[in-house]
Amino acid sequence: MRSPLEARRDAGQQEPRPWKARAVTELTAARSRLLRMLEGLPEDALTRQHSPLMSPIVWDVAHMANYEEQWLLRALGAPAFTDPAFDALYDAFRHPRASRVQLPLLSPEQALAYASRVRQASLEWMQQLPEDAPAPLLRGGFVFGMVAQHEQQHLETLAATLQLMTSHEYRPAALPRPRPARAAQYEVFLSGGPVLLGSDAPWAYDNERPAHTVHVQDFLLDSHPVTNGDFVVFVESGGYEDSRWWDPKGFEWIQAQGIRHPLFWLPQEGGAWLRQRFGWVEPLPRDEPVQHVCWYEADAYARWAGKRLPTEAEWEKAAAGSDGRPRVHPWGDAPGDASHANLGGDTWGPSPVGSYPAGQSADGVWGLLGDVWEWTSSTFDGYLGFKSFPYREYSEVFFGTEYRVLKGGAWASAPVAVRNSFRNWDYPIRRQIFAGFRCARDAR
Ligand SMILES: [Fe+2]
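Residue numbering for the sequence shown follows our numbering, starting at 193 and increasing by one per position.
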């Protein structure tokens, strides 16, 4: 029998898509999403600080352009054409988000013009590059994939900024979400054994490399993420007041912050719940995955339910399928579409659980990709053999016990930045991100 690694390599070899065509498609998709998101927002909404947790939107726009200029032009030998001071101004490590509003930033009009000038130049420069360049940055078009993913990741961050915005009403045109086909929660048994973690695909990030095999024990995993309806029961039964369920640090933190329910839930007289989603205030939809919960809230719910959060390896095992034939996505290696998962940002919210039968895993686990990021119990670290590439600040500086790994992507994540092996990470107190969770337990 082939090892999971051999099976994945064989699968990877079946898709020799020219990277330039993919790069144009993905960079163009990211830019048109940016323009859709900004449509109708007045200048003041783009320049002000909506939350100390987030940058002014106009900083993100120029930062994306500057990142592209650094990596797709200067790093590839193209002549520089902007003020080198931009590198410092738009360096995420030099300026904490809360202070960026005080910087001498480009105006929205200037930032968008800069972004479009860089884009035009980088696509032109790309045409001169060989499709089969051996340089690590260009192998398989890596650096173009990195920039496309970077832009889409910032657009997800921008969606979080817009969700936090209170100064302007934001009600973008939202694509309809499907109706659920199978919403009842059940547990899926996943047999222990080897699982291939990570990826060596051309556009995989350094933190996904190298692909390697680890072993997991038999375990049970929820078929669907925990829903708002499930979570209401935890809230209403006093889950936030009972320290038994909480990591001590988390309990101390929610007490100090006065947190009694997920972010953006609005308790009403008489026990009803509303939730705020961008410019909409609506009855809390019980059948959607809960989102805007931090790791501590997810962990507490899981304990209250007599379960636990899955490890990253268990989550990836469930996504790959337990039949020894690992997949890039739960449904297979081919890219999905709107029938497989809620991705790309245009629905502006999660779909009810059980809405994507085509997207379920080989073992019948639903909704692993899209809708909400899923917290795992794992801390974020490099795999054995990790090599920082192409810069330490993408992943390596975050390794350690401070961060928890999230898997699967949210409705606001783009398909280019979502796959079974993709690793996201954040502090266990983060709630503005589009994160939920599902539960697991040991099989006994
Ligand atoms: Fe960035």
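For glycine and all other residues, C-beta sits at the position ideal for the given N, C-alpha and C. On a predicted model such as this, the values are computed, not experimentally measured, just so you know.
Residue i vs residue j beta-carbon contact at 8 Å
i    : j    : result
R266 : A257 : no
A492 : G431 : yes
A632 : L389 : no
R286 : L455 : no
L347 : A222 : yes
P419 : R478 : Note that residue 419 is Thr in the sequence shown, not Pro. In contact: T419 and R478 (Cβ atoms closer than 8 Å).
G541 : W558 : no
L356 : T539 : no
K599 : W507 : yes
R369 : W472 : no
S553 : P527 : no
A490 : W567 : yes
Y378 : S415 : yes
L304 : L295 : no
L535 : G601 : yes
R225 : G537 : yes
L298 : Y306 : yes
F470 : L354 : yes
P300 : V250 : yes
Close Cβ partners of residue i (< 6 Å) along its chain, the five nearest in sequence each way excluded
i    : result
G628 : P417, P481, V482, Q483 and V564
S613 : G390, S391 and E400
D252 : H346 and L350
V335 : W263 and L329
S587 : D398 and N399
V408 : G384, V387, A505, E506 and K509
G442 : Y488
heavy atom of ligand 2 below 7 Å from residue i C-beta
i    : result
Y259 : Absent from the structure shown: ligand 2. Ligands present: ligand 1.
Span separating the alpha-carbon of residue i from that of residue j
i    : j    : result
G551 : P372 : 12 Å
W457 : S429 : 16 Å
E207 : T349 : The predicted position of E207 is uncertain, since its pLDDT is 43 and thus under 50; a value taken from the coordinates is nonetheless stated next. Straight-line Cα distance between these residues: approximately 31 Å.
R615 : P502 : 14 Å
R331 : P322 : 10 Å
R669 : S247 : The question about residue 669 has no answer, for the chain in this structure spans 193 to 636.
G516 : P386 : 8 Å
P210 : G333 : 9 Å
A403 : K509 : 13 Å
L476 : G450 : 21 Å
D675 : E585 : No answer is possible for residue 675: the residues shown for the chain start at 193 and end at 636.
A351 : A215 : 23 Å
G421 : A375 : 12 Å
T358 : G577 : 45 Å
A511 : A396 : 17 Å
P620 : E316 : 42 Å
R452 : F423 : 12 Å
S570 : V597 : 6 Å
L227 : L329 : 28 Å
Q447 : W487 : 15 Å
H532 : F626 : 19 Å
W603 : G562 : 5 Å
G513 : A213 : 30 Å
V589 : V610 : 22 Å
A365 : A254 : 25 Å
A277 : D283 : 10 Å
E444 : H242 : 27 Å
Contacts around residue i, its chain only, beta-carbon distance under 7 Å, and the 5 residues preceding and following it disregarded
i    : result
R201 : Any answer about R201 is weak, because its pLDDT of 48 lies below 50 and its placement is not dependable; what the coordinates show is given next. Contacts found: none.
K499 : C631, A632 and R633
G204 : Bear in mind that a pLDDT of 43 at G204, under 50, signals an unreliable position, so the number given afterwards is only what the model happens to contain. So the qualifying residues of the chain are A393.
V608 : E218, A340, Q341 and Q344
S314 : E260, L264 and L265
Residues near residue i by beta carbon distance below 8 Å, same chain, minus five either side
i    : result
H360 : L233, P234, D236 and A237
R240 : P248, V293 and S359
D186 : One cannot answer for residue 186 here, as it falls past the ends of the chain, which runs 193 to 636.
D573 : F591 and G592
P244 : R289 and A290
M229 : L347, L350, A351, L354, P364 and G537
Interface flag, residue i vs chain B, CB-CB below 8 Å
i    : result
A290 : The displayed structure is made up of one protein chain only, and chain B is not part of it.
Problem set entry | Uninterrupted beta strand (DSSP E) stretches inside the region 301-375 (no shorter than 3 residues) | Correct list: empty.
Exercise. Taking only runs of the beta strand (DSSP E) that begin and end inside the region 541-577, which ones reach a length of at least 3 residues, in chain order?
Worked result: Secondary structure remark: continuous beta strand (DSSP E) runs of at least 3 residues inside the region 541-577, in chain order: 565-572.
For this session: Quick one: which unbroken beta strand (DSSP E) runs of 3-plus residues sit fully inside the region 383-470? Chain order, please.
Result: 385-389, 404-408, 411-414, 457-459 and 465-469
For this session: Report yes or no: do the region 269-287 and the region 378-389 share at least 3 C-beta pairs separated by less than 8 Å?
Result: no
Problem set entry | Entirely enclosed alpha helix (DSSP H) segments - the region 221-264, minimum 4 residues | Taking only runs of at least 4 residues, the alpha helix (DSSP H) segments lying wholly in the region 221-264 are 235-239 and 249-260.
Problem set entry | Whole alpha helix (DSSP H) elements within the region 494-540, 4-residue minimum | 504-512
Exercise. Below 8 Å, can you find three or more Cβ-Cβ pairs linking the region 277-296 to the region 331-343?
Worked result: no
For this session: Jot down the residue ranges of each uninterrupted alpha helix (DSSP H) in the region 262-292, minimum 4 residues, whole runs only, in chain order.
Result: 277-281
Exercise. Which ranges does the beta strand (DSSP E) cover as unbroken runs of at least 3 residues, wholly within the region 590-621, from first to last along the chain?
Worked result: 592-599 and 616-618
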